[in-house]
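In order, the protein sequence lines correspond to chains G and B. Just so you know, we're using my numbering here: the first sequence kicks off at 393 and counts up by one. Just so you know, we're using my numbering here: the second sequence kicks off at -13 and counts up by one. From the three backbone atoms N, C-alpha and C, an ideal C-beta is built for every residue, glycine too. None of these values were measured; they are calculated from a predicted model.
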Amino acid sequence: MPAATRYLGKPLKRKEDPRLIQGLAHYVDDLVLPGMHHVAILRSPYAHAQIRSVDVSKAQAAPGVVLVLTGADVRGSIGSIPCAAQIPDMKAAPRPVLAHERVRFVGEGVAVVVATDRYAARDALDLIEVEYEPLTPVVDPEKAIEKGSTVLHEGHKDNVAYHWELEGGDLKAAFKKADKVIKQRMVNQRLIPTAMETRGVVADYKPGERQLTVWSSTQIPHLLRTQVAAMLDVPEHSVRVITPEVGGGFGSKLNIYAEEALAGYLAIRLGKPVKWIETRRENFQGTIHGRDQIDTVEVAFKNDGTILGLRIHVIADLGAYYQLLTPLIPTLTGLMASGCYKIPAIRTEITGVLTNKMSTDAYRGAGRPEATYLVERTVDLVAAELKKDPAEVRRKNFPKLSDFPYATPTGVIYDSANYPGSLDLALKLSGYKKLRQEQAKARKQGRCVGIGLSTYVEICAMGPSSAMPAGGWESATVRIEPSGMVNILTGASPHGQGQETSFAQLGAEILGLEPGDVNVIHGDTAIVPYGIGTFGSRATAVGGTAAYKALMKLRDKLAVLAGFLMGENPGKLVFSDMNIFSKTNPKKSIPFGEVVAAAYTAKRLPPNMEPGLDATTFFEPSNFTFPFGAHVCVVEIDQETGDVKLLKYVAVDDCGNVLNPLLVEGQTHGGIVQAFGQAMLEEAVYDEQGQLITGELTDYAIPRAADLPWMETDRTVTPSPVNPLGVKGAGEAGTIGATPALANAVADALSPFGVRHVDMPFKREKIWKLMQGVRAPLGARQDRVRAPLGARQNNGGRRSK
Amino acid sequence: MSAEIQIRVNGKSYETQVEPRLLLVDYLREVLGFTGTHVGCETSICGACTVLLDGKAVKACTVLAVQASGSEVTTIEGLSATAPATANGNGLHPLQEGFWEKHGLQCGFCTPGMILASVELLRTNPSPSQTEIREGLSGNLCRCTGYQHIVQAVEYAAKKMKSRKR
């Protein structure tokens, strides 16, 4: 990144916004095509059942209904849902686009209706008669792997999808040397990503051109094109995928879904455009879920706080089938089990389990929040056991600055970091010392206050292709049009991240133009060269670097051409203010537009120079990047209700260099609040029958504005050596760093009650129960501001004030 | 079965035969083509479908089109016309401008509803505190921003609208 910049690193407001704030943007449900039909899907009300029969005759005869198809009708025509992740000895669990014979989770598609009107399509669902024979649902992943459990898939002897192990260092020696060992079970609950826009697909087939166009709310248009073509067995070049405006993804749209292939199939079969828009209930039941691990951690440590070894066992609930990356996600937990610490020996063992639920897959953070949570909780358990300050135990175990690039015992190489730097800044900004003093005072007053810390590292900028199921590079094409206007085409199709702005800043900086002169195009496979997509905090570090390299190729070409036209050494030219200047003689310059025009009129070109200005780069990163940071927060628990109130939040993040700090701040805020959701509110609950009882926003609470205090955010800057921009990635850090900070604060608040660990989410009932039966742990009883509810009950139920 | 409704939307009158069960949000989006109003949950929890019905914010996913007959509706497409152009003459309502200036949106899906709910908030409380803004917008969900920039966007607009009144 250049030292002095005009646009890079500046908080420019977004180019995307004018259309979004005026209702002029087009999400998939906003598309209307002539003669468009509407699709609705009948879904299984049973978690596990045999389909005896499906009678669609009444539905087929209903007004407006064009076509009704069952799983049996389409099984020979549409391939099963693809899984790109391969783990050695993993059992197959293919999912058809519509179930036939057996359903394995509530919400699995059974039949599809096409009608001329959206309401008519939904009405007709009620007329389809399905005879189910219920089977025993397998819901609890620990019971699912017990002997004698009902088995989900034919040909499997049990519900274990795979075993995966990763070990490094001498674990036996570590545990032998240890002064102490703590073992803790932690549940990382199942979550529902809940993008505000549900999924949706429009498909249109032009038989004359043999072109199928699929508009989908997806994070991965190119991968979707490849997979839809394969599922429908049509040539890839006859499928075009367009992502209109995408209303949030968080990993839930980093997937290939049944409805995307179904809509394509129906458009081809009917010769009519079709639209399917997911309802919120369908989104909760049938779009991927996240997390869902039961982690057991054993930590070996010395009395001075030095951590010697970690032994981790993960039970990962994968759901009934694999979506695109389902089996892979828990392994990222194993990869990042060292956290930001120098731990000599680590072993992670994962048991992937199949249950009668929706598939889990990549939800913001994807495997790393789980790793950070279990490591950061463990560090706090060590600190509590040794009665040491958690900040000091962290400091004790950080690798030294001279250790970087730091290789963990399991072979992951952290690119660059300054862990003490971000911790020091977070402690300073939060007034940590004073917070601890205030906490002591509050406890004496009978108040239940907790302070939580987390220092995290995450793996992102996914990533080198060697470690990615479908390639980890990213593409960019830069085209300078004859008028001098610039188009950057990126394969990293964004959905709210703001690349239209940050990549324009990059283009303007490098070519000496204004950001308004640079347009960013994405999300259309017919226009944009093949790309991987936006996920894993990769868009800037991998996609941005690809754009940078393509821009540099064109700048080099322009410099040669300008030098030729000006009679100047191309190496001595500066691009600035829509001109190309001589470094040695600033009075000597040529307008940018004149050089561009010369490239297209092609009348005076240097020998061997091709006309035109178009460059494409496929950037392959040499490693992942490893953002890090330190978060501090304060919570207070109302002892009468168990309500946990977040009072203060301070986050210091380091994502390397930054193209636009406003966008990074937005990512940080959003990430922290999603972490808050996991810690305090969110939990996908299936009952014993496998019913999703948190199946609507009425029952699954995501954070609201009033739940949160002002968040104070700051950054340290440790450039990544992995790419020339020195950027790391910022999309997931908030979610990864914040969950353990909040959990540590709640555990700290509850420590006077003898509580060592409590699983998320910290709902009132759970917290209140933990505080019952413990008499006067906080301060002297007479000093209490609020008497505990238990005391009131002992008082004959009368309220004592 | 159908019913005739008469309705003014963004300053223009419409007379339409509709199914009595047609939701206002579907009427606005599918019959009139005002697709800036979004559907996020169909249960009036998320607020993405918020519009102004006779000047008051309502969730259009749980209002029937027939209930809105005889009323005036403002959607995001018509908002800027309800406020005289702001100082810099960009044709945006101060709230739209605030959301742009303060990075109060990312994916933008909740934004039209969030802005219209903020119109209601500032109508009833022209100088809200941050806490009042957070409480006032608790019927609107955003999954991207973490709300902090939205709070700042509303503060920006409140300030701007007050200075304009003077």
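{"Query": "Below-8 Å beta-carbon distance, A34 of chain B vs any chain G residue", "Result": "yes"}
{"Query": "Contact list for the stretch 120 to 132 of chain B against chain G, Cβ threshold 9 Å", "Result": "R120, E121, G122, L123, S124, G125, N126, L127, C128, R129, C130, T131, G132"}
{"Query": "Contacting residues, own chain, Cβ-Cβ under 7 Å from E1088 of chain G (five flanking each side not counted)", "Result": "R672, R673, F676"}
{"Query": "Boundaries (first-last residue) of the alpha helix (DSSP H) holding A621 of chain G", "Result": "613 to 624"}
{"Query": "Buried versus exposed, by CB contacts within 10 Å (16 or more), G1034 of chain G", "Result": "buried"}
{"Query": "For S66 of chain B, the three-state DSSP class (helix, strand or coil)", "Result": "helix"}
{"Query": "CB contact flag (A933 of chain G, V1119 of chain G, <8 Å)", "Result": "yes"}
{"Query": "DSSP beta-bridge partners of N1136 of chain G", "Result": "BP columns for N1136 of chain G are empty, so no partner."}
{"Query": "Under 7 Å by beta carbon: chain G residues contacting T68 of chain B", "Result": "Chain G residues near T68 of chain B: none, gap ~13 Å exceeds 7 Å."}
{"Query": "DSSP state of S846 of chain G mapped onto helix, strand, coil", "Result": "strand"}
{"Query": "Residues that W607 of chain G bridges to, as DSSP identifies them", "Result": "G:V594, G:I634"}
{"Query": "Cross-strand partners of P983 of chain G (DSSP beta bridge)", "Result": "G:N971"}
{"Query": "Residue range of the unbroken beta strand (DSSP E) whose run includes A1022 of chain G", "Result": "1020 to 1029"}
{"Query": "E1012 of chain G versus M1001 of chain G: straight-line alpha-carbon distance, rounded", "Result": "27 Å"}
{"Query": "Sequence-distant residues of the same chain with beta carbon closer than 6 Å to T635 of chain G, five excluded per side", "Result": "T610, P613, S885, G915"}
{"Query": "Continuous beta strand (DSSP E) stretch holding V44 of chain B: start and end", "Result": "42 to 45"}
{"Query": "Terminal residues of the alpha helix (DSSP H) in which A357 of chain G lies", "Result": "In the structure as shown, chain G begins at 393 and stops at 1193. Residue 357 of chain G is therefore absent and cannot be evaluated."}
{"Query": "D481 of chain G, DSSP secondary structure in three states", "Result": "coil"}
{"Query": "Simplified DSSP state of H914 of chain G, which is helix, strand or coil", "Result": "strand"}
{"Query": "Contacts of T882 of chain G in chain B (Cβ-Cβ under 8 Å)", "Result": "Going along chain B, no residue has its Cβ under 8 Å from T882 of chain G, so there is no contact; the nearest lies around 17 Å."}
{"Query": "Straight-line gap, L18 of chain B to V870 of chain G (C-alpha atoms, nearest Å)", "Result": "39 Å"}
{"Query": "Where R1190 of chain G falls, given that 16 or more other Cβ within 10 Å makes a residue buried", "Result": "Confidence at R1190 of chain G is low in this model, with a pLDDT of 37, below 50, so the placement of that residue should be treated as unreliable; the coordinate-derived value is given next. Per the 10 Å Cβ criterion, exposed."}
{"Query": "Secondary structure of Q576 of chain G, DSSP reduced to three states", "Result": "strand"}
{"Query": "Residues near A799 of chain G in its chain [Cβ-Cβ closer than 7 Å; skip 5 each side]", "Result": "I805"}
{"Query": "8 Å Cβ cutoff, M428 of chain G in contact with chain B", "Result": "no"}
{"Query": "Paired residues, beta bridge with Q891 of chain G - DSSP", "Result": "Bridge partners of Q891 of chain G: none, in fact."}
{"Query": "Alpha-carbon spacing of S104 of chain B relative to L123 of chain B, whole angstroms", "Result": "7 Å"}
{"Query": "Uninterrupted alpha helix (DSSP H) stretches inside the stretch 1002 to 1082 of chain G (no shorter than 4 residues)", "Result": "1053 to 1068"}
{"Query": "Those runs of the beta strand (DSSP E) which lie wholly inside the stretch 722 to 747 of chain G and span at least 3 residues", "Result": "737 to 746"}
{"Query": "Straight-line Cα distance separating S730 of chain G from N810 of chain G", "Result": "16 Å"}
{"Query": "Buried or exposed by the 16-neighbour rule on C-beta atoms within 10 Å, applied to T1090 of chain G", "Result": "exposed"}
{"Query": "Cut-off 8 Å between Cβ atoms - residues of its own chain near G401 of chain G, not counting five sequence neighbours on either side", "Result": "M393, N1049, V1050, L1051, N1052, P1053"}
{"Query": "Where K667 of chain G falls, given that 16 or more other Cβ within 10 Å makes a residue buried", "Result": "buried"}
{"Query": "Any C-beta of chain G under 8 Å from that of I(-9) of chain B", "Result": "no"}
{"Query": "Whether I1029 of chain G touches C852 of chain G by CB criterion (8 Å)", "Result": "no"}
{"Query": "Rounded separation between G842 of chain G and K1161 of chain G - CA only", "Result": "18 Å"}
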